[in-house]
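For the record, in the sequence shown the residue sitting at position 424 is 1089 according to our numbering, with numbers rising by one throughout.
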Amino acid sequence: MLVMFGLIGWASPIEGKEPIFRKSVLQQEFFAEGASGGDFNGDGEGDIVSGPWIYWGPTFSQKHAIYEPKPFSVNGYSDNFFAFAHDVDGDKNLDVIFVGFPGAPGWWQKNPGGNAAATEKWQRFETMPAVDNESPVFGDLTGDGKPEVICAYQGTNGYFEIGEDPTKTWTFRAVTPKRGYQRFTHGLGIGDVNDDGRTDLLEKDGWWEHPQDLQQTPWKFHEFAFSGPGGAQMHAVDLDGDGRNEVVTSLAAHGYGLAYYKKDDAQGDRFTRFDIMTDKVETSPTGLAVSQLHAVDIADINSDGVPDIVTGKRWWAHNGGDAGENAPALLIWFETVRTPSGLRFIPHVIDGNSGVGTQVQVFDLNSDQRPDIVVGSKRGVFAVMQSAEGVNPELPVSQLPVAATTIAIQDDLGGFRPAIDDKTALNFDFEKGSLDDWQADGGATLRQPADARYFRQSKPDFVAGQHGDYWIATEKFVGDKTTGTLVSRRFRVTHPWASFLIAGGNTDKTSVELRDAESGAVIFQAMGSNADILKRVAVDLSSHQGKTIAIHVIDAKEDAWGHIAFDDFRFHTEKPKIE
């Protein structure tokens, strides 16, 4: 499924040409909250790994499981939080280092190489007894040219070093004394904080200075409260171009806030905080207030030589128990702009229905010199690729040409499906198995449309009253606490009557509305009857013939019967006979 975004309404005014992204949905099931990229089969094309699956570039339409795949409920947690692509054993094949649930062992899987990479299971080596902290980092902390896994372990912060025999347990080297760091501690990173050419270790309460002699431990601690509860990956990077690095961090992985800190002294003991995003749109310098920034990366997204910030919402991190849990799962990059009066940041919303997991990483996956983004999250797995200059994104459904004709439906009920032309009906029965012709917003639209065949695997006599195999059922994969809206492509009223199937909660917060596409006025509304078997309703549209309308499927209720089911909109020449 390929969706192209040019989202309107979230981003501030853009200066210059904004990079265009295409989002490919590689997986909608939840397997992991991390993803990485690299050429795993040596064909010169960038591939993506997330959880057990490797998706083969350049199309990512084919995949291979390198260990037994096990999907998880979004109302729980996966056993795979991070993936790092690296040639662990030096055989010139990219392997994958995995970090599981916080506090669980870490492991790597050996790439058999070449064609075997896509046909065989990859051998697993459990080499890290436990990886603590929710934002471990893979990078060169020691300065020896070899990356390490930077994390907490046994109450200290430090790094796991890949040994001479990488199949054996890796050595952990602590750089701090025991300070009670544990598996759910938030906020960790590496970078040259004091600009001395050595890479330091960052944490939410300060930073540890890399000594000249690595044997000297613990490293010197510079205490500073960067973030109270802790955010995500932390970075030391020169944003303003003055030759001195700033510290970039989210402020609360399960709350709000994104900021950078500028040093007030050469030693890095005092900093001034500058907010990039706060908890309220009205006070946020960038006009955005997005919660749960549980992953942050730094990259030059628009290739202007200035580092930018990539982040987004980790949607449903605590299964609905976090601030702003029902807000859109945004993926964002903040353009860093250097001005005579200081830095400012222009927000660009890349996508409104993916967000981030515990990891977001930027790569040039297709070697076109443009940074791309990979995401693994509870929403699925996504390749967000920059398009070539001059390629315009598809319009959102609200701006597509009006579907002004119909196609006759050949079944017992009869009627007519709104259509683009005499061969292309709108996806109003969802039998494409997709949300083509619909704009989806919110967690309630996750993994829609529902597929009756999926539910019959565990319950052969499953019945929902749907037409065909697919229908909209907003509670099926997440439950009543999520909210969301589906808005259809605009279409012309060509017949005096219509009908559709509806079930769910008996409230206007769980409803199906037909709205005038020009004024937005509701011309018809139907609600469920606190039942989950779809029933057909008839709609008298005789006074609206010739008008352009759109369907709004609304789930705005967060408690009992807080869901809506919908299927099979069609026109009729006369009032349909409904049992």
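All residues carry an ideal CB built from backbone N, CA and C; glycine is no exception.
Secondary structure of N991, DSSP reduced to three states:
Coil at N991, not helix or strand.
Looking only at C-alpha atoms, which of A1115, E868 and D857 sits nearest to P876?
Of A1115, E868 and D857, the residue nearest in Cα terms is D857.
For N1171, which three-state DSSP category applies?
Residue state for N1171 is assigned as coil, using DSSP reduced to three classes.
Three-state secondary structure assigned by DSSP to T1110:
In the three-state DSSP reduction, T1110 falls in the helix class (H, G or I).
Give the range of the alpha helix (DSSP H) segment to which R1121 is assigned.
A1117 to R1121 is the extent of the alpha helix (DSSP H) around R1121.
What residue range is occupied by the uninterrupted beta strand (DSSP E) comprising A781?
DSSP places A781 in no beta strand (DSSP E); its state is neither H nor E.
Buried versus exposed call for T1004 [16 or more other C-beta atoms within 10 Å across all chains shown]:
With fewer than 16 other Cβ atoms inside 10 Å of its own Cβ, T1004 counts as exposed.
Backbone CA spacing between V1177 and S1032 [nearest angstrom]
Going from the Cα of V1177 to the Cα of S1032 covers about 45 Å.
For A1109, which of V1021, D944, W980 and D1086 has the nearest alpha-carbon?
Its Cα nearest to that of A1109, the residue W980 stands out among V1021, D944, W980 and D1086.
Expressed to the nearest angstrom, what Euclidean distance is found between the alpha-carbon atoms of N910 and K1212?
About 58 Å.
Need the endpoints of the beta strand (DSSP E) that D1016 sits in, please.
D1016 -> beta strand (DSSP E) spans G1007 to D1016.
With DSSP collapsed to three states, give me the class of H1209.
Correct three-state label for H1209: helix.
Do you know offhand how far G707's Cα is from G779's?
A direct Cα-Cα distance of roughly 6 Å separates G707 from G779.
What ranges does the beta strand (DSSP E) occupy inside the stretch 689 to 749, keeping only unbroken runs of at least 3 residues that lie completely in it?
Listed in chain order, they are 701 to 703, 712 to 715, 718 to 721 and 727 to 730.
Secondary structure of L1030, DSSP reduced to three states:
Residue state for L1030 is assigned as coil, using DSSP reduced to three classes.
Contact the stretch 1015 to 1024 vs the stretch 1033 to 1051: 3+ CB pairs below 8 Å:
Contact between the stretch 1015 to 1024 and the stretch 1033 to 1051 is established, with three or more Cβ pairs separated by less than 8 Å.
Taking 7 Å as the cut-off, decide whether the C-beta atoms of N745 and G716 are in contact.
In this structure, G716 lies closer than 7 Å to N745 by Cβ.
Ranges of the beta strand (DSSP E) found wholly within the stretch 1128 to 1176, counting only runs of at least 3
If we require 3 residues or more, the beta strand (DSSP E) runs fully inside the stretch 1128 to 1176 come out as 1135 to 1138, 1149 to 1153 and 1162 to 1169.
Go to H983, then tell me how far its beta strand (DSSP E) extends in each direction, as first and last residue.
It is not in any beta strand (DSSP E) - H983 carries neither H nor E in the DSSP assignment.
Proximity below 7 Å, CB of D1233 to CB of H1132:
Yes. Within cutoff.
Pick from F1231, H1209, A782 and L853: whose alpha carbon is nearest that of D1197?
Proximity to D1197 across F1231, H1209, A782 and L853 peaks at F1231, based on C-alpha coordinates.
Give me the residue from R1112, F1095 and D962 with the minimum Cα distance to S1153.
The closest CA to that of S1153, considering only R1112, F1095 and D962, is found on F1095.
Tell me whether S1063 sits in a helix, a strand or coil according to DSSP, three-state version.
The answer is helix: DSSP assigns S1063 an H, G or I state.
Touching or not, the stretch 688 to 695 and the stretch 725 to 739, by the rule of three or more beta carbon pairs under 8 Å?
Between the stretch 688 to 695 and the stretch 725 to 739, the count of C-beta pairs closer than 8 Å reaches three or more; the two stretches touch.
Residues in its own chain within less than 7 Å of P883 by CB, not counting five upstream and five downstream?
These residues qualify, in order along the chain: V840, T841 and P842.
Which ranges does the beta strand (DSSP E) cover as unbroken runs of at least 3 residues, wholly within the stretch 845 to 912, from first to last along the chain?
Counting only runs of 3 or more, we get 853 to 856, 865 to 868, 871 to 874, 885 to 888 and 898 to 902.
Label L667 either buried or exposed according to how many other C-beta atoms from any shown protein chain fall within 10 Å of its C-beta, with 16 as the threshold for buried.
Summary for L667: the model assigns pLDDT 33, below 50, so the residue's position carries little reliability; its value from the coordinates is reported in the next sentence. L667 should be labelled exposed.
For N798, count neighbouring C-beta atoms within 10 Å of its own C-beta (all shown protein chains included) and say buried if the count is 16 or more, exposed if not.
The residue in question, N798, is buried, as its Cβ has 16 or more Cβ neighbours within 10 Å.
So, at 6 Å on beta carbons, what are the nonlocal neighbours of R848 in its own chain, with the 5 sequence-adjacent residues on each side left out?
Cβ-Cβ distances below 6 Å link R848 to P767, G768 and D797 in the same chain, with the five nearest sequence neighbours on each side left out; the list follows chain order.
When N740, G741 and D712 are compared against Q727, the one with the closest alpha-carbon
Selection N740, G741 and D712 evaluated against Q727 yields D712 as nearest (Cα-Cα).
Going by the CB atoms, is the gap between S949 and I685 shorter than 7 Å?
Going by C-beta atoms, I685 is not nearer than 7 Å to S949.
Which same chain residues, not among the five before or five after S743, have their C-beta less than 8 Å away from its C-beta?
For S743, where only same-chain residues beyond five positions count, the Cβ hits under 8 Å are F695, F696, A697, E698, G716, F737 and F766.
When burial is assigned at 16 or more other CB atoms within 10 Å of the CB, is K833 buried or exposed?
It counts as exposed.
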